[in-house]
Amino acid sequence: MEIIMKKLIAIVALLGFASFAQANDSFVVNAKFYDNKNLIGSPILVVNSNEEASVSVDNSYSFALTVTPIDDSTVSLATDLKLGGKHMAPSLVVEIGKEASINVDGKELSVLVSKSSS
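Right, dumping it as structure tokens:
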């Protein structure tokens, strides 16, 4: 009985560590912003999971996002982009390592998410 309890405790501890490790993942987000097919900005952000990161450049653009892991290969992005007098806040589910984009009235947001090596 004691051996079984020790194994159960070890499994619970391991599962707790695994979920803790996933909760503290960080991601590199390569973003590109286009206004009528003209590249306006291409910031690279390192984002901790479930924490907001943002960048803005004078009156060109303002961008904020939160990355939430779904599983080992997919994340959810909550974004907020102000570009060329327009505001859009799309939520996207993207596959890690694959570029995704959204275009609204000539304003385009393209993102490529990868796991941070740190």
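Going left to right, the sequence shown walks through residues 13 to 130 as the numbering used here numbers them.
The beta carbon of each residue, even a glycine, is placed where N, CA and C say it ideally should be.
Computed from a prediction, not measured in an experiment: that's the story for all the values here.
Of all the options S129, K98, T86, which has the alpha carbon lying nearest to the alpha carbon of A112? T86
Compute the Euclidean distance between the alpha carbons of F62 and G109, then round it to the nearest angstrom. As written in the sequence, residue 62 is Asn, which differs from the Phe given in the question. Spanning the two alpha carbons is a distance of roughly 19 Å.
In chain order, what residues of the same chain have a beta carbon less than 8 Å from the beta carbon of A101, not counting five sequence neighbours either side? A90, T91, D92, L93
How many angstroms separate the CA atom of V105 from the CA atom of S88? 4 Å
Where does P81 fall in DSSP's three states? strand
Do you know whose CA, among N36, D37, S38, Y46, lies nearest S122's CA? Y46
How should L27 be labelled, buried or exposed, when 16 other C-beta atoms within 10 angstroms of its C-beta is the threshold for buried? With a pLDDT of 44 at L27, under the threshold of 50, the modelled position of that residue is not reliable, and no figure is offered here.
Given this structure, state the Cα-to-Cα distance separating T78 from N48, to the nearest angstrom. 25 Å
Within 10 Å of its beta-carbon, does V116 have 16 or more other beta-carbons around it, so buried, or fewer, so exposed? exposed
CB-CB length for S128 against V58, believed under 8 Å: 6 Å
Tell me the DSSP secondary structure of S66 in three-state form. strand
Provide the residue span of the beta strand (DSSP E) that contains E107, from first to last. For E107, the uninterrupted beta strand (DSSP E) segment begins and ends at 103-107.
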